[in-house]
Amino acid sequence: MNFRTRKMVAARDLNSNGTLFGGRCLEWIDEEAFIFTSCQLGSEKVVTRSMSEINFLATARQGDIIEIGMGATDYGTSSITLSCVVRNMRTKEVITAVNKIVFVRVDSGGKPIPHGKIHPIDRELTHQDCLGAE
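The following block contains the structure:
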């Protein structure tokens, strides 16, 4: 799993308990999953299909820096399945884990279309990989 994205927890990201709001964390996960999928499939025409059980395991507070890690675990005909871990950058404590996030490649009408990938390409992506996206 590669940790490519970091976020600083700001006051606007906090819930009423003064910790990272779960909805904000999920927003960051979905955004990172979209970027990861776009790079893996070479297309920006992808949509979130589902997220499995989401486990909030620890808290983050204002000023903490978190890292978001993604990895491809499976490819379907038009889909890609990812796993995700959000952790505290300094302590490496896992804050949130999502075992299964499914994205689907779609055409301009929103219908699933094959992406042509066979195996997970979970490797270090370069800037050039993302430039090939549609």
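Here the numbering used here is used: the first residue of the sequence shown is 647, the next is one more, and so on. Backbone N, C-alpha and C define an ideal beta-carbon position, used for all residues, glycine too.
- Between residue 717 and residue 725, the beta carbon gap of about 15 Å keeps them out of contact (Cβ cut-off 8 Å).
- Setting aside the 5 residues that flank it on each side, residue 703 is surrounded in the same chain by 740, each with a C-beta closer than 6 Å to its C-beta; the list follows chain order.
- Counting other Cβ atoms within 10 Å of its Cβ, residue 698 stays below 16 and is therefore classed as exposed.
- Here residue 656 is exposed, its C-beta having fewer than 16 other C-beta atoms within 10 Å.
- Annotation: the continuous beta strand (DSSP E) that includes residue 694 extends over 692-697.
- For residue 714, the enclosing beta strand (DSSP E) covers residues 711-721.
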